[in-house]
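Structure first, commentary second.
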Amino acid sequence: MSTVLRRSLLKYVAVSPWIINRVMADTTSETNIPKYQIGDTAIEFHTTDGYPQRWKETYENTIKHFSNRWGRVGPTHIFLVENTDWNPEPGDPARVEQLKISQRQLKQTFAKLQGHGSDGSHLEWETGNHWAGWSIKPPQLMITMTMSPYRDADQFVIGPIHEYMHALQTAHGYGQEAIDGNRMGQSLWTGPAWWREGAAVLVSAVYSYQTPSLFKSMKRNMSWRRLSDEMNRNLEMYQKIETSISSGVTHDDWQRLEAQQRVHPVVYAGGSVACAHLLKRAGSLDKFMQFLPKVAKLGWQPAFEQHFGISLPAFYEQFAKDVATAEPRQHQPPSEDNWCYFLKSIK
720 MSTVLRRSLL KYVAVSPWII NRVMADTTSE TNIPKYQIGD TAIEFHTTDG YPQRWKETYE
780 NTIKHFSNRW GRVGPTHIFL VENTDWNPEP GDPARVEQLK ISQRQLKQTF AKLQGHGSDG
840 SHLEWETGNH WAGWSIKPPQ LMITMTMSPY RDADQFVIGP IHEYMHALQT AHGYGQEAID
900 GNRMGQSLWT GPAWWREGAA VLVSAVYSYQ TPSLFKSMKR NMSWRRLSDE MNRNLEMYQK
960 IETSISSGVT HDDWQRLEAQ QRVHPVVYAG GSVACAHLLK RAGSLDKFMQ FLPKVAKLGW
1020 QPAFEQHFGI SLPAFYEQFA KDVATAEPRQ HQPPSEDNWC YFLKSIK
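In structure tokens form, the structure reads like this:
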């Protein structure tokens, strides 16, 4: 399979490093349209030898809870990778060697699933990364988690939701015209960059807030105060950058913003604030998520305009006005005049 690989370093809200990997084919035949399954698709986990059972179970529980509500798509393969530098304490030399061998074997499995015909040595599985990606031939959805629970345990709840949101966007959003134009990383398939990442940031935060049971083994959950602070931090970050989300649409936009070090404040922070406004228009998380299945049938922008009841240009205009007048309320009691106060009771 001929592929083009895009890798970009990013962060969830303002805390944890992530990486998104998109695999795009250069062929245009109708036979290359991915046939991702939607329904009772199996989600398969792969781990390095000796991966900590507690954290595997935490990640699996989150994926199961979220996918049972919004649907299983796939085939989805999730790789949980322990690295030799996970624990700040020096590792046992025998254990270090075991992990290196196990990683090499796991990379071979990953490459085989994606049809690369390689040993997987090209894969960069450094600690602190979280990947979400796809392949077309064969159709596979892939998630890889290398983050250390010793450094950020909460990402074993928040992270799986973020990445699985990308799996949903991909499985529901592909289209013939996107394949023909080799523009799967652009707005013809899964939507503008600000939507793809903004929706993943917002939904992972809101769903975590709505489901405190997912944090039962953690020191803290996604409280209303924490959710409010994170959304207001995103608003403030986006206001300061003075760059519209409409500049973060295509793959080329992403590259330009990355060169300017503006990907996170525009695409992630700004995108999450924009998606919060869309969630308010939808009225509930259920109705917000009902947008996804419409994309393959209508195309992203027509589906957007039908589902949210506003044209895309009009939304950009209204959003700019709303952001200009909104006041960040970070580290303040989240009162009713908080721009995102509606999230407290959103269903």
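So for the sequence shown, the numbering used here puts the first residue at 720; every next one is plus one. Note that the Cβ used here is the ideal one computed from N, Cα and C, for glycine as well. The structure displayed is predicted, hence computed values, not measured ones.
Worksheet item: Start and end of the beta strand (DSSP E) containing I1125?
Response: Any question about residue 1125 goes unanswered here, given that the chain covers just 720 to 1066.
Worksheet item: Excluding five sequence neighbours on each side, which residues of the same chain lie with their C-beta closer than 6 Å to the C-beta of T781?
Response: Counting only Cβ-Cβ distances below 6 Å, and skipping sequence neighbours, we find V876, P879 and L933.
Worksheet item: Taking buried to mean at least 16 other C-beta atoms within 10 Å of its own C-beta, is D972 buried or exposed?
Response: D972 is buried by the Cβ-count criterion.
Practice prompt. Could I get the ranges of all uninterrupted alpha helix (DSSP H) runs contained in the segment 758-810, with 4 residues as the minimum, in chain order?
Written response: You should have 772-789.
Discussion item. I'd like to check one pair, A912 with H881: are the Cβ atoms closer than 8 Å?
Written reply: Against a cut-off of 8 Å, the Cβ pair of A912 and H881 comes out as no contact.
Worksheet item: Which two residues bound the contiguous alpha helix (DSSP H) that contains W844?
Response: Run containing W844: none; DSSP gives neither H nor E here.
Worksheet item: Would you say the segment 956-964 touches the segment 975-992, given that touching needs at least three Cβ pairs under 8 Å?
Response: In short, these stretches touch, since the Cβ pair count reaches three.
Worksheet entry | Minimum C-alpha distance to I1029 - residue among K999, R773, N848 and Y755 | Ranking K999, R773, N848 and Y755 by Cα distance to I1029 puts K999 first.
Worksheet item: Based on Cα-Cα distance, which residue from I797, S965 and K819 lies nearest to G769?
Response: Of the candidates I797, S965 and K819, K819 places its Cα closest to the Cα of G769.
Worksheet item: Would the segment 990-1006 and the segment 1021-1035 be scored as touching if the rule is three or more Cβ pairs under 8 Å?
Response: A contact exists between the segment 990-1006 and the segment 1021-1035.
Discussion item. For a test of the three-state rule: what should DSSP assign to G1002, helix, strand or coil?
Written reply: If DSSP states are grouped into helix, strand and coil, G1002 belongs with coil.
Discussion item. Using a Cβ-Cβ cutoff of less than 6 Å, which residues in the same chain neighbour W1058 once the five nearest sequence positions on both sides are dropped?
Written reply: Cβ neighbours of W1058 beyond the five flanking positions: A1045.
Practice prompt. Measure the alpha-carbon distance for T803 versus I797 and round it to whole angstroms.
Written response: A direct Cα-Cα distance of roughly 20 Å separates T803 from I797.
Practice prompt. Round the Cβ separation of Q859 and Q833 to the nearest angstrom and send it over; I've been treating them as touching at under 8 Å.
Written response: Indeed, because the Cβ distance is near 6 Å, the residues count as touching under 8 Å.
Worksheet entry | Residues that DSSP places opposite L989 in a beta bridge | Sequence inspection shows Gly at residue 989; the Leu mentioned does not correspond to that position. Answer is none; G989 lacks a bridge partner.
Item to complete: Name the residue from Q772, N806, K1013 and A890 whose alpha carbon lies nearest to the alpha carbon of Q756.
Response: Of Q772, N806, K1013 and A890, the residue nearest in Cα terms is A890.
Fill in: Whether F785 touches Y883 by CB criterion (8 Å)
Yes, the pair counts as a contact, with Cβ atoms nearer than the cut-off.
Practice prompt. Determine the burial state of E801: buried for a count of at least 16 other Cβ atoms within 10 Å of its Cβ, exposed for fewer.
Written response: Per the 10 Å Cβ criterion, buried.
Item to complete: Please report how far the alpha carbon of R975 lies from the alpha carbon of K831, in whole angstroms.
Response: Computed Cα separation, rounded: 33 Å.
Worksheet entry | Rounded straight-line distance, which links the Cα of A872 to that of W943 | Their backbone Cα atoms lie some 19 Å apart in a straight line.
Worksheet item: In this structure, does DSSP put W853 in helix, strand or coil?
Response: Reduced to three states, the DSSP call for W853 is strand.
Fill in: For G910 and G892, believed in contact at Cβ under 8 Å, the rounded distance
Indeed they touch by this definition, with Cβ atoms about 7 Å apart.
Discussion item. Could you compute how far the alpha carbon of N787 sits from the alpha carbon of H885?
Written reply: As the crow flies, the alpha-carbon of N787 is around 16 Å from that of H885.
Practice prompt. Quick one: using the 10 Å Cβ neighbour count with 16 as the cut-off for buried, is A851 buried or exposed?
Written response: By the 10 Å Cβ count, A851 comes out buried.
Item to complete: Buried or exposed for R915, please, with buried defined as at least 16 other CB atoms from any protein chain shown within 10 angstroms of its CB.
Response: So R915 counts as buried.
Discussion item. Measuring only from the beta carbon, is S965 closer than 7 Å to any heavy atom that is part of the ligand MN?
Written reply: The ligand MN is absent from the structure shown, which contains no ligands of any kind.
Item to complete: Give the single residue among L887, Q822 and M1008 whose Cα lies nearest to the Cα of I762.
Response: Looking at the Cα atoms, L887 is the closest of the given residues.
Practice prompt. Specify, as a first and last residue, the run of the alpha helix (DSSP H) that I1029 falls within.
Written response: First-last for I1029: undefined, no H or E at that position.
Practice prompt. Verify whether the separation of the beta carbon atoms of Q1049 and R952 is less than 8 Å.
Written response: Closer than 8 Å, so yes.
Practice prompt. Kindly indicate which residue of Q822, K1066 and H765 has the alpha-carbon position closest to the one of D838.
Written response: Scanning Q822, K1066 and H765 for the CA closest to the CA of D838 turns up Q822.
Item to complete: Check whether the Cβ atoms of K1066 and S1003 sit closer than 8 Å, and answer yes or no.
Response: Yes. Within cutoff.
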